[in-house]
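A.B. asks:
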Amino acid sequence: MADGRLNAVEGLAPHANRLRTLLVRLVANRSIALGGGLVAIITLLAVFAPLVAPYDPLESNFRARLLPPSAEHWFGTDHFGRDVLSRVIYGGRLSLEIGFLVVLATGIFGTLIGGCAGYFRALDNPVMRLMDAWMAFPAILLAIAVSATLGASVTNVVIALSLATTPHTARIVRASVLVVREMEYVEAARALGARDMRILFVHVLLNSIAPLIVRLTYVFAIAILAEAVLSYIGVGPPPPAPSFGNIIANGRDFMVEAPWVTIFPGVAIFVVVLGLNLLGDGLRDVLDPRMRVER
Amino acid sequence: MLSFVLRRLLSSIPVLILVSLMTFALIWLVPGDPASVFLDASATPEQIENLRRQLGLDQPIWSQMLSWYERVLSGDLGQSILLRRSVADAILERLPITLSLAALALFFAVLFGILLGSLAAVNHQRWGDQSIMAIALLGLSIPDFWLGLVLIVVFAVQLGWLPSGGYVPITEDFVGWARSMALPAFTLTVTQIGFIARMTRSAMLDVLRQDYVRTADAKGLSHSFVVLRHALPNALVPILTVTGVIAGGLLGGAVVVEQVFFLPGLGRLIIGAILSRDFPVIQGGLLMLAVIYLVINLIVDLLYALIDPRVRYG
Amino acid sequence: MNARILQLALVGGLAASGLAVTANAQQGGDVVIAQTQAPPSLDAHVTSAQAARNVNLHIYETLFARDENAVPVPDLAESLEISEDGLTYVFQLREGVNFHDGTVMDAEDVVASLERYREIGASSTLLSAIDSIEATGDHEVTVTLSEVQSTFLDNLSSPRAPIAIYTAEQAALGANEVDYIGTGPFRFVEYQPDSFVRLERFDDYSVNPNYSERDGLAGAKEVSIDSVTFLFMPEAGSRVAALESGEAHVVETVDGPSAGRLAENDAYTVHNVLPFAFQVIKFNHAQAPTNDPEFRRAVMAALDMEEIMAISRPDIYQIDGGWLFPNSPFYNDAALDQYNVADLDAAREHLANSSYDGETLTFIVDNGRPNVDTATVVQQRLAQIGVDVELSVADWPTVSQIGFTPDGWHFWAHGFGIEPFEGPASVIAPWVDGVSMQADDPEINRLYQELTTAMDPDDRAAIFAEFQQHMYDDAVAIKAGNYGLFQVSADELENFVPYRIPRMWGVQLNQ
Chain A
47 MADGRLNAVE GLAPHANRLR TLLVRLVANR SIALGGGLVA IITLLAVFAP LVAPYDPLES
107 NFRARLLPPS AEHWFGTDHF GRDVLSRVIY GGRLSLEIGF LVVLATGIFG TLIGGCAGYF
167 RALDNPVMRL MDAWMAFPAI LLAIAVSATL GASVTNVVIA LSLATTPHTA RIVRASVLVV
227 REMEYVEAAR ALGARDMRIL FVHVLLNSIA PLIVRLTYVF AIAILAEAVL SYIGVGPPPP
287 APSFGNIIAN GRDFMVEAPW VTIFPGVAIF VVVLGLNLLG DGLRDVLDPR MRVER
Chain B
6 MLSFVLRRLL SSIPVLILVS LMTFALIWLV PGDPASVFLD ASATPEQIEN LRRQLGLDQP
66 IWSQMLSWYE RVLSGDLGQS ILLRRSVADA ILERLPITLS LAALALFFAV LFGILLGSLA
126 AVNHQRWGDQ SIMAIALLGL SIPDFWLGLV LIVVFAVQLG WLPSGGYVPI TEDFVGWARS
186 MALPAFTLTV TQIGFIARMT RSAMLDVLRQ DYVRTADAKG LSHSFVVLRH ALPNALVPIL
246 TVTGVIAGGL LGGAVVVEQV FFLPGLGRLI IGAILSRDFP VIQGGLLMLA VIYLVINLIV
306 DLLYALIDPR VRYG
Chain C
82 MNARILQLAL VGGLAASGLA VTANAQQGGD VVIAQTQAPP SLDAHVTSAQ AARNVNLHIY
142 ETLFARDENA VPVPDLAESL EISEDGLTYV FQLREGVNFH DGTVMDAEDV VASLERYREI
202 GASSTLLSAI DSIEATGDHE VTVTLSEVQS TFLDNLSSPR APIAIYTAEQ AALGANEVDY
262 IGTGPFRFVE YQPDSFVRLE RFDDYSVNPN YSERDGLAGA KEVSIDSVTF LFMPEAGSRV
322 AALESGEAHV VETVDGPSAG RLAENDAYTV HNVLPFAFQV IKFNHAQAPT NDPEFRRAVM
382 AALDMEEIMA ISRPDIYQID GGWLFPNSPF YNDAALDQYN VADLDAAREH LANSSYDGET
442 LTFIVDNGRP NVDTATVVQQ RLAQIGVDVE LSVADWPTVS QIGFTPDGWH FWAHGFGIEP
502 FEGPASVIAP WVDGVSMQAD DPEINRLYQE LTTAMDPDDR AAIFAEFQQH MYDDAVAIKA
562 GNYGLFQVSA DELENFVPYR IPRMWGVQLN Q
């Protein structure tokens, strides 16, 4: 797939054999297995939260505030007297949802922008200068500014983070489109009279999807980390629904006396992000061995 | 070379113009204004309006924009609404703190990153390699602000070894400065070390597979000599690339870490300005960050030339 | 032998400290105060933020100031004569009062400062009753009111955005443009916004000879420390760490568990500053269904104030529904049977009679934890009676802009601190002309008018009781309770007594 010397016929034909070997390599990769496993566990916990969580994550009982971890409350309770374990399990829902939506938005806009810039020479320079300007803001400041501006809501957090992760993604898509565009099968398709849009979508983008998938895995990780930072600054998803980030933000006033409220969701973030990073590394090794660690 | 620098500088002008336009768009969208920060919850709208007039905030956005560009062209970033001083002064005062934090973290991240990455490469596919890479990955996956909070609780609150935050200027007291920077710099380093270690490892592996390294090995030269003399210099270009990338990322990280350890750096200045709607400071601060980002990229490109003679500035 | 030396040293130490107390020889030292926020400005006239007050009331003084019981007493004024008709106030100023720039205060300075405040003061309505201000002598200022105002001295001495006396020269400058020159016991040295403010003892300070000791924000302000530094530390944990590492001597507020831990340590004194403020939940009367008293009564009946206070203001709160602090002379128990009923059935009954129709309501709140927590508890509680509330959290500038418009919100929670400290008129004022609830309430307007013109304290007490009754009968807004602050001082700092601000006169630092 990432082989630059594909000929036109191979590029257009479905290649079942290659797909099978690819799958085998994906499954055999240890990073993917471990990372995918971690992500899958957290995702399953989040999806089946109502079955798994021992308590209602919103049910407060101020007479049981800030209880340390015990058999009853494995992760202790927060200052509402809510069960931290249940909140972390449910928090995964919102954090993963945000991560997923950011991946979706970044994938769509990054591909559109990067694809167009890479394919249409006239667009390349102006669009990429715009991306440069965009990237010259530290992404997190951009997200803080946008989220503070629009108000704290899940939608706005997703918008803010997508804005922050799109330019780099566009750049990666553009780079691989530039390579693919010059390949023989694209030339061939063009010679056969295919229209630009069709060529762009069917041939060029499909063939530059490997680096995009790798990048989006990292974007997922970045989004989960950044959601927590936004919550910490006070512009994350609003209560009462828990997210990893807003559980930490809620606990930080009690950090000294009740560190468990802050520590456990932090560990949860760490595990998900570690899983995603492992998954990204594995995917990169299998899909696109020449790609650098740049993310 | 000189013409390359000049051309790069020229091409950064449109980027800066775009940055400033985007900032204006942001300001135009923001609800709330600085006047409300001066007042408590029972201030009436008339009082807020009165103060707005006093602070000169009742101008329409386009006229603010025009006068801003006019001033910037003459090198003046304007006056802060809240800080009662020029934006340039405020930025210049904070800049060294942010830059020294980022530079410290960059220095240690590069130092230990290259060290760990090389060790991993030399021990390729042995347990040393794998445990180093595992550590690098752990560092990449830790939320930076969370690590900072945990470090504060452990080292400042529980053990009392280091201050929980605040800043001592290096000119005043070197030990105090080092103590105030220790936890922030460590936090930032840990989260960045992994990038460099991973890059170093893969670049070194590439080089170690090259013929001339094998030849040198075959000649019976000590392996560590070969690694230091031949392999590392040749691996520097990709390492430098990733250093350039993280230098930009470090600025963002520094912003967050400053917040956790309340270091009065540029990041805190800008976040404070965003939250208090101090528009001239937001403008100037973001513009300044963009300039730093562009300068870092320029330096990285120039360093390529020094390290890798194959790069030509056509 | 070792033991003997130790004993000697102990005796010596005791003698020295005994001497120090009697001779008041503990001079000098830099006291560091860790407070939550940075002041938006050190121009006292233009800001009513608590963070600014803490600093500014060390630099500046006012004609009248509040004493220990919040009663207005002369500070820069020597005496005051009020005419029979209550319209003319003749202030004699203290003579020989030095400004930090070396000039001596006279009537011109006072006139210029009052005029500046009327023009640009953050709470300029405090002086809205003034018709004219004249210098009628070198040290005499005559203020004429356009109508009788029983609260005029309360207003003049308000610490909210203090009506500070500047030099005439500074008073001619615009908002936020002045040099920080006052007559206070400390003079301004350095301000690093969002980091610290540093003040030094003003050696030529003119101590008020009419008092013998510290008294609220007035009294004799004797300073024995060299300087005071206000550090701005938003993180609760960091403030505690600063105290325990010896970086800070006073922490403006710490969390309950830390306060409990520090109280067991001999090196610190924990001061319970309670009550410090109200926790208030406001309704938007310009929107349905919060314009419907029945709906508001449903909310009021539903809420469990203990729950709100225990979570949002843990460990330091009072369950009290009075619209003044309990120690206030006008405190009364009108309508308090309607406070904290926490009866969901009663709430459902009110709700059934109300215009609420299942729509989602918006609770705006700034991103400070206590206010967000209050909103969260209210939201959870109302969900139990079938009212759907959505939180809209933003930063203070955004929230305060939305909250003073008739659209975009139904509930708004925040603290009310300085108003109950100032007294009854200040508590009513925010509700006059519908400012805080976005729809006029003629009853409140009438009561305010009566209160500010009634000169007899008994009449005023009765009027205020009527106001409180009305707040409950119509559920105009909800008071959840009083909250306080745990202030902590290190024991090197002697004679520290908390007040609205952490006063640094009358304290000594043992080094």
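Residue numbers (our numbering), protein chains in the order written: chain A, 47 to 341; chain B, 6 to 319; chain C, 82 to 592.
Don't be surprised by glycine CBs; every beta carbon is placed ideally from N, CA and C.
#1: Is the Cβ of B/Leu62 closer than 9 angstroms to any Cβ of chain A?
#2: Under DSSP, the beta strand (DSSP E) around C/Gln273 begins and ends at which residues?
#3: Verify the CB distance criterion: does A/Gly328 have a CB-CB separation below 9 angstroms to chain E?
#4: Pick helix, strand or coil for C/Thr206, following the three-state DSSP scheme.
#5: Return the chain-ordered ranges of every alpha helix (DSSP H) run that is complete within the segment 431–490 of chain C and spans a minimum of 4 residues.
#6: On the three-state DSSP scale, how would you describe A/Ser106?
#7: On the DSSP letters alone, give me the boundaries of the alpha helix (DSSP H) that A/Tyr231 sits inside.
#8: Can you tell which of B/Ser72, B/Ile279, B/Leu100, B/Leu291 has the C-alpha that lies nearest to the C-alpha of C/Asp476?
#9: Nearest to C/Phe492 by CA position, among C/Ala130, C/Val361, C/Ala464, C/Ile400, is which residue?
#10: Between C/Tyr272 and C/Val309, what straight-line distance do the alpha-carbon atoms span, to the nearest angstrom?
#11: Please list, in chain order, the chain C residues whose beta carbon lies closer than 7 angstroms to that of A/Met301.
#12: For the segment 469–483 of chain C, list every residue whose C-beta sits within 9 angstroms of some C-beta in chain B, in sequence order.
#13: Short check: CB of A/Pro284 to CB of A/Asn292, under 9 angstroms?
#14: Return the CA-CA distance between A/Glu105 and A/Gly127, expressed in angstroms with no decimal places.
#15: DSSP state of B/Leu60, grouped into three classes?
#16: Quick one: residues in its chain with C-beta nearer than 6 angstroms to the C-beta of B/Ala93, no 5 flanking neighbours on either side, listed in chain order?
#17: C/Asn257 CB to nearest chain B CB: under 9 angstroms?
#18: If the criterion is Cβ atoms closer than 9 angstroms, does the pair A/Gly326 and A/Gly156 meet it?
#19: Under 9 angstroms between the Cβ atoms of C/Phe376 and C/Met585?
#20: For A/Glu303, which residues of its own chain have a beta-carbon under 8 angstroms away from its beta-carbon, when the five flanking residues on both sides are left out?
#21: Just to make sure I have the definition right: I need the residues of chain C whose C-beta is within less than 7 angstroms of the C-beta of A/Leu104. Which are they?
#22: By DSSP, does A/Val281 sit in helix, in strand, or in coil?
#23: Going along the segment 163–195 of chain A in order, which residues come within less than 8 angstroms of chain B, judged by CB to CB distance?
#24: Among residues of its own chain, excluding the 5 on either side of C/Val171, which ones have a beta-carbon nearer than 6 angstroms to its beta-carbon?
#25: Counting only runs that start and end within the segment 251–310 of chain A, where is the alpha helix (DSSP H) found for 4 or more residues in a row?
#26: Alpha carbon to alpha carbon, what distance is there between C/Ser481 and C/Ser422?
#27: Whole alpha helix (DSSP H) runs in the segment 219–292 of chain C with 4 or more residues, listed along the chain?
#28: Using the Cα positions of A/Val226 and A/Arg220, report the straight-line distance between them to the nearest angstrom.
#29: What is the rounded straight-line gap between the Cα of C/Arg199 and the Cα of C/Ser209?
#30: If we call anything under 9 angstroms between Cβ atoms a contact, is B/Ser123 one with B/Trp73?
#31: With distances taken Cα to Cα, identify the nearest neighbour of C/Ser227 among C/Ala520, C/Thr534, C/Thr184, C/Tyr349.
#32: Below 6 angstroms CB to CB, which residues in the same chain sit around A/Asn253 once its five sequence neighbours on both sides are set aside?
#33: In or out: B/Leu7 buried (at least 16 other Cβ within 10 Å) or exposed?
#34: With a cut-off of 9 angstroms, does the C-beta of B/Gly170 fall near any C-beta of chain A?
#35: Mind listing which residues of the segment 131–157 of chain A have their C-beta closer than 8 angstroms to chain B's C-betas, in chain order?
#36: If B/Gly257 and A/Pro184 are in contact, beta carbons under 8 angstroms, what's the gap, nearest whole angstrom?
C.D. replies: Answer, in terms of the structure:
#1: Position 57 of the second sequence, counted from the first residue, corresponds to residue 62 of chain B. Chain A, which has no Cβ nearer than 9 angstroms to the Cβ of B/Leu62, makes this no.
#2: Taking the first residue of the third sequence as 1, we reach residue 273 of chain C at position 192. Segment 267–273, the beta strand (DSSP E) holding C/Gln273.
#3: Absent here is chain E; the protein component of the structure consists of chains A, B and C.
#4: As a first step, residue 206 of chain C is located in the third sequence; it is residue number 125 there, counting from the start. Residue state, collapsed to three classes: helix.
#5: 450–464, 477–484
#6: Position 60 of the first sequence holds residue 106 of chain A. Reduced to three states, the DSSP call for A/Ser106 is coil.
#7: By 1-based counting over the first sequence, the position of residue 231 of chain A is 185. First-last of the alpha helix (DSSP H) with A/Tyr231: 230–237.
#8: Numbered from 1 along the third sequence, position 395 holds the residue referred to as residue 476 of chain C. Per the Cα distances, B/Ile279.
#9: Taking the third sequence and counting its residues from 1, the one referred to as residue 492 of chain C is at position 411. For the residues C/Ala130, C/Val361, C/Ala464, C/Ile400, the minimum Cα distance to C/Phe492 belongs to C/Val361.
#10: As a working note, residue 272 of chain C is residue 191 in the third sequence. As a working note, residue 309 of chain C is residue 228 in the third sequence. Rounded to whole angstroms, C/Tyr272 to C/Val309 spans 12 angstroms at the Cα level.
#11: By 1-based counting over the first sequence, the position of residue 301 of chain A is 255. Ordered by position in chain C, the residues that pass the 7 angstroms Cβ test against A/Met301 are Gly318.
#12: Ala475, Asp476, Trp477, Pro478, Thr479, Val480, Ser481, Gln482, Ile483
#13: Start at 1 with the first residue of the first sequence, and residue 284 of chain A comes out as number 238. Start at 1 with the first residue of the first sequence, and residue 292 of chain A comes out as number 246. In this structure, A/Asn292 lies closer than 9 angstroms to A/Pro284 by Cβ.
#14: What you label residue 105 of chain A is simply residue 59 of the first sequence in a count that begins at 1. What you label residue 127 of chain A is simply residue 81 of the first sequence in a count that begins at 1. If you take the alpha carbons of A/Glu105 and A/Gly127, they lie about 8 angstroms apart.
#15: The sequence position of residue 60 of chain B within the second sequence is 55, counting from 1. If DSSP states are grouped into helix, strand and coil, B/Leu60 belongs with coil.
#16: Along the second sequence, one-based indexing puts residue 93 of chain B at 88. Closer than 6 angstroms at Cβ, skipping near neighbours: Leu82.
#17: Here residue 257 of chain C corresponds to residue number 176 of the third sequence, with the count starting at 1. For C/Asn257, the answer is yes, since a Cβ of chain B falls inside 9 angstroms of its Cβ.
#18: In the first sequence, counting from the first residue as 1, residue 326 of chain A sits at position 280. In the first sequence, counting from the first residue as 1, residue 156 of chain A sits at position 110. No, Cβ-Cβ distance for A/Gly326 and A/Gly156 is not below 9 angstroms.
#19: Here the question's residue 376 of chain C lines up with position 295 in the third sequence. Here the question's residue 585 of chain C lines up with position 504 in the third sequence. No.
#20: Reading the first sequence from its first residue, position 257 is the one you call residue 303 of chain A. If we look at A/Glu303 and ignore the five residues flanking it on each side, its Cβ neighbours are Leu112.
#21: In the first sequence, counting from the first residue as 1, residue 104 of chain A sits at position 58. By Cβ distance, chain C contributes Gln461.
#22: Residue mapping note: residue 281 of chain A aligns to position 235 of the first sequence, counting from 1. Residue state, collapsed to three classes: coil.
#23: Arg175, Leu176, Asp178, Ala179, Trp180, Met181, Ala182, Phe183, Pro184, Ala185, Ile186, Leu187, Ile190, Ala191, Val192, Ala194, Thr195
#24: Against the third sequence, residue 171 of chain C aligns to sequence position 90. Around C/Val171: Glu162, Thr223.
#25: 255–279, 290–297
#26: If you number the third sequence from 1, residue 422 of chain C lands on position 341. If you number the third sequence from 1, residue 481 of chain C lands on position 400. Note that residue 422 of chain C is Val in the sequence shown here, rather than Ser. Between C/Val422 and C/Ser481, the C-alpha separation is close to 30 angstroms.
#27: 233–237, 249–252
#28: The residue you call residue 226 of chain A lines up with position 180 of the first sequence. The residue you call residue 220 of chain A lines up with position 174 of the first sequence. Rounded to whole angstroms, A/Val226 to A/Arg220 spans 10 angstroms at the Cα level.
#29: Locating residue 199 of chain C in the third sequence gives position 118, where the first residue counts as 1. Locating residue 209 of chain C in the third sequence gives position 128, where the first residue counts as 1. Looking at the two C-alpha atoms, the distance is approximately 7 angstroms.
#30: Stepping through the second sequence from its first residue, residue 123 of chain B is reached at position 118. Stepping through the second sequence from its first residue, residue 73 of chain B is reached at position 68. Contact: no.
#31: Residue 227 of chain C sits at position 146 when you count from the first residue of the third sequence. Of C/Ala520, C/Thr534, C/Thr184, C/Tyr349, the residue nearest in Cα terms is C/Thr534.
#32: To locate residue 253 of chain A, count along the first sequence from 1; it is residue 207. Val226.
#33: For the purposes of this step, residue 7 of chain B is taken as residue 2 along the second sequence, with counting starting at 1. With fewer than 16 other Cβ atoms within 10 Å, it is exposed.
#34: Indexing the second sequence from 1 puts residue 170 of chain B at position 165. No, its Cβ sits nowhere closer than 9 angstroms to a Cβ of chain A.
#35: none
#36: Position 252 of the second sequence, counted from the start, is the residue given in the question as residue 257 of chain B. Position 138 of the first sequence, counted from the start, is the residue given in the question as residue 184 of chain A. That belief holds up - the Cβ atoms of B/Gly257 and A/Pro184 are roughly 3 angstroms apart, short of 8 angstroms.
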